[in-house]
Amino acid sequence: MTKKRKQNWFMLLFALPFAGVGIGVLVFGVIPNLYEWQQMKRWPQVEARVLDAGLHTSRGDDSDTYRAYARYTYRYQMQDYTSERVAIMGGSDNIGDFQSDLARQLELAHRVEEPVPAWVNPNDPGDAVLNRELRWNMLGFKMIFVLVFGGVGIGLMIFTLKAKVGATDHPESSSKPWLAQQEWASPEVTCNSKVSLWVIWFFALIWNLISLPATLAVPDEWAGGNKLILIALIFPLAGIYLLYWAINSTLSWRRFGQLHLQLDPYPGSISGQVGGTLNVPIDYNPQQRFPVNLQCVRRYVTGSGKSRTSHESVVWQNNGLAQTKPAPGGGTSLGICFNVPANLPVSETYSDDYRFWRLELNADLPGVDLHRQFEIPVFATGEKSRAALPLSTSHPQLHDEREASIEAVANIQQIPGGVRMHYPMLHGAGNNLVGLVCGLFFAGAGVLMHFESDTPAVIVWAFTLIGGLITFICLKWLFTSLHVQLDHNGLISERYWLGMPIGRDQIPRADIQKLYIDVSSRGQSAKGYQEMCKIIALTRSGKKIPVAINLKGRDTAQLALEAIGGLSGYGVK
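Per the working numbering, the sequence shown runs over residues 148 to 720.
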């Protein structure tokens, strides 16, 4: 049995208990309640006399639960009966005020000796009920278990059963290891958008179902004076964003469908080329740009047990634009090709620490944007494209795009003997605004907990300080501007916050050792992997002074570095 098959069996066994819990709650909890609710609509009504009634409280470590109880007698078809069934759903709970309200009504009826209505099962007169309302909030609570546990279990089982397993019986797999994977056994590789779509929808639905009770509790808790309940609003707000993401991904799938990349060469080659062709169902437009990004990624797991965490780090990457032409059957045909240097890792099989190659395709379009990822085989074959595809890194529009990216973040002017640059505030506002909202939320939650509850001081201070720090950093980045002058006299760098000077460096030319590129941040975004870079002036004393900031991608930063170095005459690296 191959390692992949063993993993599949393990996943099936892991998913089985989850599926069992979900199906069990559905079969033994939800369906019987719905069936009895419908049946009770036809049960005849009689008068009942309450013999005893009250509210039973079960105290736990985290919360208390309640159960309304009663003992009553009633007469049906000239026969007296005694019953203790109160409502459709039995047991204790703390969902809403149903149990306490019903107990109060029955206690009052017992105290004043007033008859109450009861409904009798005509097929079993000993079976009766005092309240035949279906508790929708309680049913929804049960459905959370059905959908969360059942969804996780059944979803994992379906995903595992449909997953491709290694084609280990291929006669050439020992000399051609890419043939040991069924998904790589031919030059055609499909994107992973369908799997991603299911994962996004599953996560969005699970998140919203789990946060539903907190959302429903907000009005009553607020009316009761519990202002801390506002903190719970972060969960439905996050759920709304997840639903937006899922809907947008669905629209993208409906528009573009499953894309198929024909690798050329096959497989992609270390010390050779990686690329291929694919058709996109978009009317051909010679001005439309399709950015592509090729990455070698290390994926590894740290920790153990419940602390296991998966991480990704980019070993190597390169950006370019796909070459375009009209597709024979309509749409747009894309050609992608990258040169790949030697001494990079080849594609490895899945493990707790392995390397793989990923190709990302993007396009900004009216309506829904295009974003697709392909996991492709890359091995040390030294092969080049058989169709001699043009390099994506040499696309005619690529230089213009990088220049536009520089102009979008900086106002650059040539001056005698050098260059003057101005980087206004509010650039990169999107991420900083998100951080600002998060920081204000955490800080506000800490202040609210201090004034409205007896929350331990360590938690209050943790929320307030962390939120305050995030808020401070985001405000600083949002409203900081940079003025730089680099010429034959040296470097002048002035930093402002809301127009007020907060720092100034003046370095003579002789003290500047070199200019070089540094990465400010990197990570995955809605448009794939992105690096934000800056250009640093390194002095001979080791001080690092920013010369250019907010540059998208290393290639854009390289173009800016060459332009600044060329205009100012400083050495670059």
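The C-beta atom is built at its ideal place from N, Cα and C for all residues, glycine as well.
Cβ-based neighbour list, residue i, same chain, cut-off 6 Å, excluding 5 preceding and 5 following
{"i": "I231", "result": "First, the residue type needs correcting, since residue 231 is Glu and not Ile in the sequence shown. These residues qualify, in order along the chain: R218."}
{"i": "Q561", "result": "L714"}
{"i": "L173", "result": "V293"}
{"i": "D199", "result": "R218"}
{"i": "D665", "result": "K681, I683"}
{"i": "G637", "result": "I654, P655, R656"}
{"i": "H569", "result": "N558, H630"}
{"i": "F165", "result": "F296, V299, G300"}
{"i": "K472", "result": "S480"}
{"i": "K690", "result": "none"}
{"i": "Y413", "result": "P334"}
{"i": "K289", "result": "V172, G176, V177"}
{"i": "V515", "result": "L398, S399, R402"}
{"i": "D500", "result": "Y447"}
Sequence-distant residues of its chain with Cβ nearer than 7 Å to residue i (five each side left out)
{"i": "N339", "result": "Q520, E522"}
{"i": "A707", "result": "I553, I682, A695, L698"}
{"i": "C585", "result": "I617"}
{"i": "T540", "result": "N465, G467, F485"}
{"i": "G564", "result": "D634, H635"}
{"i": "H597", "result": "V607"}
Short Cβ contact (8 Å threshold) for residue i with residue j
{"i": "N466", "j": "G700", "result": "yes"}
{"i": "W644", "j": "N579", "result": "no"}
{"i": "E495", "j": "R502", "result": "yes"}
{"i": "A351", "j": "L303", "result": "no"}
{"i": "L685", "j": "Q660", "result": "yes"}
{"i": "G422", "j": "S532", "result": "yes"}
{"i": "V263", "j": "A195", "result": "yes"}
{"i": "Y228", "j": "G167", "result": "no"}
{"i": "H255", "j": "A265", "result": "Here residue 255 is Leu; the residue named in the question, His, does not match the sequence. Not a contact, by the Cβ cut-off of 8 Å."}
{"i": "F589", "j": "F619", "result": "no"}
{"i": "R436", "j": "E507", "result": "no"}
{"i": "L410", "j": "V336", "result": "yes"}
{"i": "R687", "j": "Q677", "result": "no"}
{"i": "L536", "j": "G482", "result": "yes"}
{"i": "V461", "j": "V444", "result": "yes"}
Length of the line joining the Cα atoms of residue i and residue j
{"i": "W190", "j": "E183", "result": "10 Å"}
{"i": "I559", "j": "P433", "result": "30 Å"}
{"i": "S667", "j": "C621", "result": "15 Å"}
{"i": "A657", "j": "E550", "result": "30 Å"}
{"i": "L253", "j": "F245", "result": "12 Å"}
{"i": "A527", "j": "T424", "result": "21 Å"}
{"i": "A314", "j": "A604", "result": "With a pLDDT of only 47 at A314, under the threshold of 50, the placement of this residue in the model should not be trusted, and no figure is reported."}
{"i": "V566", "j": "Q632", "result": "6 Å"}
{"i": "L629", "j": "I654", "result": "16 Å"}
{"i": "D271", "j": "G237", "result": "18 Å"}
{"i": "Y216", "j": "Q226", "result": "23 Å"}
{"i": "W354", "j": "H542", "result": "43 Å"}
{"i": "E459", "j": "D702", "result": "22 Å"}
{"i": "S418", "j": "L408", "result": "21 Å"}
{"i": "T397", "j": "E261", "result": "58 Å"}
{"i": "N490", "j": "W325", "result": "18 Å"}
{"i": "Y497", "j": "R446", "result": "9 Å"}
{"i": "T362", "j": "A379", "result": "7 Å"}
{"i": "P524", "j": "P693", "result": "39 Å"}
{"i": "D652", "j": "L583", "result": "28 Å"}
{"i": "G712", "j": "I639", "result": "15 Å"}
{"i": "L662", "j": "A162", "result": "55 Å"}
{"i": "S448", "j": "S343", "result": "Note on identity: in this sequence residue 448 is Val, with Ser being the wrong assignment. Cα-Cα distance, rounded: 21 Å."}
{"i": "G716", "j": "A710", "result": "10 Å"}
{"i": "V493", "j": "F349", "result": "33 Å"}
Residue span of the beta strand (DSSP E) that contains residue i, given as start and end
{"i": "P383", "result": "Careful: P383 lies outside any beta strand (DSSP E), inside the alpha helix (DSSP H) at 381-403."}
{"i": "D500", "result": "500-510"}
{"i": "P414", "result": "No beta strand (DSSP E) holds P414; DSSP gives it neither H nor E."}
{"i": "S457", "result": "456-468"}
{"i": "E335", "result": "335-337"}
{"i": "F521", "result": "517-523"}
{"i": "H407", "result": "407-410"}
Residues near residue i by beta carbon distance below 8 Å, same chain, minus five either side
{"i": "L281", "result": "N180, L181, W184, I235"}
{"i": "L573", "result": "L625, F626"}
{"i": "Y213", "result": "L202, H203, T204, S205, S239, D240, N241, Q246, S247, A250"}
{"i": "G478", "result": "N426, V427, P428, I429, D430, Y431"}
Enclosing alpha helix (DSSP H) for residue i [first to last residue]
{"i": "R701", "result": "701-715"}
{"i": "R251", "result": "245-258"}
Min CB distance residue i to chain D below 8 Å
{"i": "L352", "result": "Here chain D cannot be found, since the structure has a single protein chain."}
What are the uninterrupted segments assigned as beta strand (DSSP E) that are 3 or more residues long and contained completely in the region 578-647, given in chain order?
Listed in chain order, they are 627-634, 637-644.
Identify every run of the beta strand (DSSP E) within the region 185-231, keeping only runs that are complete inside it and at least 3 residues long; order them along the chain.
192-206, 211-223, 226-230
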